[in-house]
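The structure is reproduced here in structure tokens:
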């Protein structure tokens, strides 16, 4: 095999490998060079985070505005402290509320931000005060049954 | 009683031989790395081996990647549509290719396509006393013959694994979007939100580098240690394919366990 043909083929091979790496990184994966660098972090305390995971999306009006950076248990307040990394091009008022919702019936859980009306904006390190934790299905069913039993006191007599 | 004792002795002997062989491969790998300065100073030697190991495996890797991706698209769609989530077929294809099938299947193909060729070549060089002739001329066969082939394999396999994954995703796209009619936008966007660069793609590349080191070390070792007969070379070629395939699958289990749990 001629030396230059060999070099040509190996060059083509390496370039093909490099292009497929770029395709995997940008088209298939979520590597985004601009978003990781300029994000600000705010915290929110939830009573229950359900199945929320790190790197879960943070959405506002359904649009991706950031990701969950870290989740830890706050041993002083006995609740979950969630750090949200929000892209710095999006500014939210200080009275924004955060809630944990589920996309679809079996989908992943995400943090939803609903903007308030305050004129001051959230800064890095601020805490979101208005929170709504994840809905636990068992508690919901328990509550429903409890309410149902309270609404119809005659049902007790009927079953006897 | 005597039968039982001799039976236990056979088991012990086999086990010790396997352990000895693993130790010999590890020592051989170490001495290959020590002797590999020539393959970087005269990089054309390594480029030649990248051609024979990597470029000549391109066709089999690209075609099988395409087929594997297409099968994943069909099977994934078939199962996911029961739960009404056939839009997630892109996630299934991409994650299974990038995390597992890309590195592992391309390593198995590479072991049988290029690993066996490396063993046969070095084994025949030894059988025809070319290696002894090199030693007579004060050329170290470890650095002139073994190290370039080793590094050629280590460079080629990660590139082949990336190409396999990329082709597989294209195959999945062709089946799911073009043939079945899953929405193209949700195919790519769900894939992008599920595949993480660091946790999925970089870990897949780390896997394929480890597999490349294992296959190249086993292939060069089996060739170098092959009995210098026709039978010996054929046996060594078979052992290369069998033991490097087993090594790839066992290493994959260990690496996956660590990657899913985190390294610490």
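Residue numbers (this note's numbering), protein chains in the order written: chain E, 1 to 160; chain X, 1001 to 1264. Quick reminder that beta carbons are idealized off the backbone N, C-alpha and C, glycines included.
Quick one: is residue 1103 of chain X buried, meaning 16 or more other Cβ sit within 10 Å of its Cβ, or exposed?
The residue in question, residue 1103 of chain X, is buried, as its Cβ has 16 or more Cβ neighbours within 10 Å.
Interface residues of chain B facing residue 25 of chain E [CB-CB closer than 8 Å]:
The structure shown contains no chain B; its protein chains are E and X.
Let's test the definition: count the other Cβ atoms within 10 Å of the Cβ of residue 19 of chain E and tell me whether it reaches 16, buried, or not, exposed.
Of the other Cβ atoms in all chains shown, fewer than 16 fall within 10 Å of the Cβ of residue 19 of chain E; this residue is therefore exposed.
Could I get the ranges of all uninterrupted beta strand (DSSP E) runs contained in the segment 3–63 of chain E, with 3 residues as the minimum, in chain order?
The qualifying runs are 39–46, 57–60.
Using only CA atoms, which one of X/1002, X/1063, X/1147 lies nearest to residue 1268 of chain X?
With chain X running from 1001 to 1264 in the structure shown, residue 1268 of chain X is simply not present.
Considering only the alpha carbon of each residue, which of X/1052, X/1010, X/1028 lies closest to residue 1214 of chain X?
Out of X/1052, X/1010, X/1028, X/1028 has the C-alpha closest to the C-alpha of residue 1214 of chain X.
Helix or strand or just coil, what does DSSP make of residue 89 of chain E?
It is coil, neither helix nor strand.
Please confirm whether residue 13 of chain E has its beta-carbon closer than 8 Å to some beta-carbon of chain X.
True, the Cβ-Cβ gap to chain X drops below 8 Å.
Straight-line CA distance for residue 1070 of chain X to residue 1171 of chain X?
It is roughly 5 Å from the alpha-carbon of residue 1070 of chain X to the alpha-carbon of residue 1171 of chain X.
Determine the burial state of residue 92 of chain E: buried for a count of at least 16 other Cβ atoms within 10 Å of its Cβ, exposed for fewer.
The C-beta of residue 92 of chain E has 16 or more other C-beta atoms within 10 Å across all chains shown, which makes the residue buried.
Can you look up residue 1048 of chain X in the DSSP assignment and give me helix, strand or coil?
Residue 1048 of chain X carries a helical assignment under DSSP once its states are collapsed to helix, strand and coil.
Residue 204 of chain E to residue 122 of chain E, Cα distance in whole Å?
The shown model of chain E, from 1 to 160, leaves out residue 204 of chain E, and the question about it has no answer.
Against chain E, with Cβ distances strictly below 8 Å, would residue 1050 of chain X count as a contact?
Cβ-Cβ to chain E under 8 Å: yes for residue 1050 of chain X.
Which residues of chain E have a Cβ atom closer than 8 Å to the Cβ of residue 1055 of chain X, listed in chain order?
Under the 8 Å cutoff, chain E gives 9, 10, 12, 13.
Please report how far the alpha carbon of residue 1259 of chain X lies from the alpha carbon of residue 1203 of chain X, in whole angstroms.
Using only the alpha carbons, I get a separation of about 7 Å.
State the DSSP-derived secondary structure class of residue 99 of chain E, mapped to helix, strand or coil.
Strand, per DSSP.
Residue 1208 of chain X and residue 1158 of chain X: beta carbons closer than 8 Å?
In this structure, residue 1208 of chain X lies near residue 1158 of chain X, with their beta-carbon atoms less than 8 Å apart.
Starting from residue 114 of chain E, trace the beta strand (DSSP E) in both directions and tell me its first and last residue.
Per DSSP, residue 114 of chain E belongs to the beta strand (DSSP E) from 109–114.
Neighbour list for residue 101 of chain E in chain X, Cβ cutoff strictly below 7 Å
Going along chain X, no residue has its Cβ under 7 Å from residue 101 of chain E, so there is no contact; the nearest lies around 16 Å.
Within 8 Å (strictly less), CB to CB, does residue 1192 of chain X reach chain E?
True, the Cβ-Cβ gap to chain E drops below 8 Å.
What is the residue span of the beta strand (DSSP E) that residue 1081 of chain X lies within?
Note, residue 1081 of chain X: premise wrong, no beta strand (DSSP E); not H, not E.
In the DSSP assignment, the alpha helix (DSSP H) including residue 1093 of chain X goes from what residue to what residue?
First-last of the alpha helix (DSSP H) with residue 1093 of chain X: 1089–1096.
Own chain partners of residue 33 of chain E with C-beta closer than 8 Å, once the 5 adjacent residues on each side are dropped:
Reliability of the predicted coordinates at residue 33 of chain E is poor, the pLDDT of 49 falling under 50, and no value is obtained from them.
Look up residue 1146 of chain X in the DSSP assignment and say whether it is helix, strand or coil.
Helix at residue 1146 of chain X.
Where residue 62 of chain E and residue 1192 of chain X are concerned, what is the direct C-alpha to C-alpha distance, given to the nearest angstrom?
For residue 62 of chain E and residue 1192 of chain X, the distance between alpha carbons rounds to 16 Å.
Would a check of beta-carbon distances place residue 21 of chain E closer than 8 Å to chain X?
Interface annotation, residue 21 of chain E: in contact with chain X, CB-CB separation under 8 Å.
Between the Cα of residue 129 of chain E and the Cα atoms of E/114, E/86, E/55, E/5, which residue gives the shortest distance?
When the alpha-carbon of residue 129 of chain E is set against those of E/114, E/86, E/55, E/5, the nearest one is in E/114.
Cβ of residue 1033 of chain X within 7 Å of any heavy atom in the ligand GTP?
This structure does not include the ligand GTP; it has no bound ligands of any sort.
Against chain X: residues of the segment 54–65 of chain E by CB proximity under 9 Å
Residues of the segment 54–65 of chain E with a Cβ closer than 9 Å to any Cβ of chain X, in chain order: 55, 57, 64.
May I have a chain-ordered list of the alpha helix (DSSP H) segments no shorter than 4 residues that lie completely inside the segment 1149–1213 of chain X?
The segment 1149–1213 of chain X contains, as complete alpha helix (DSSP H) runs of 4+ residues, the segments 1184–1194 (chain order).
Inter-stretch contact (C-beta, 8 Å, three-pair minimum) for the segment 1246–1256 of chain X and the segment 1104–1111 of chain X:
Yes, the segment 1246–1256 of chain X touches the segment 1104–1111 of chain X.
By the three-class DSSP mapping on this structure, what secondary structure does residue 147 of chain E have?
DSSP places residue 147 of chain E in helix when its eight states are reduced to three.
Pull out every residue of the segment 74–89 of chain E whose Cβ sits closer than 9 Å to any Cβ of chain X, in chain order.
Residues of the segment 74–89 of chain E that bring their beta carbon within less than 9 Å of a beta carbon in chain X are absent altogether.
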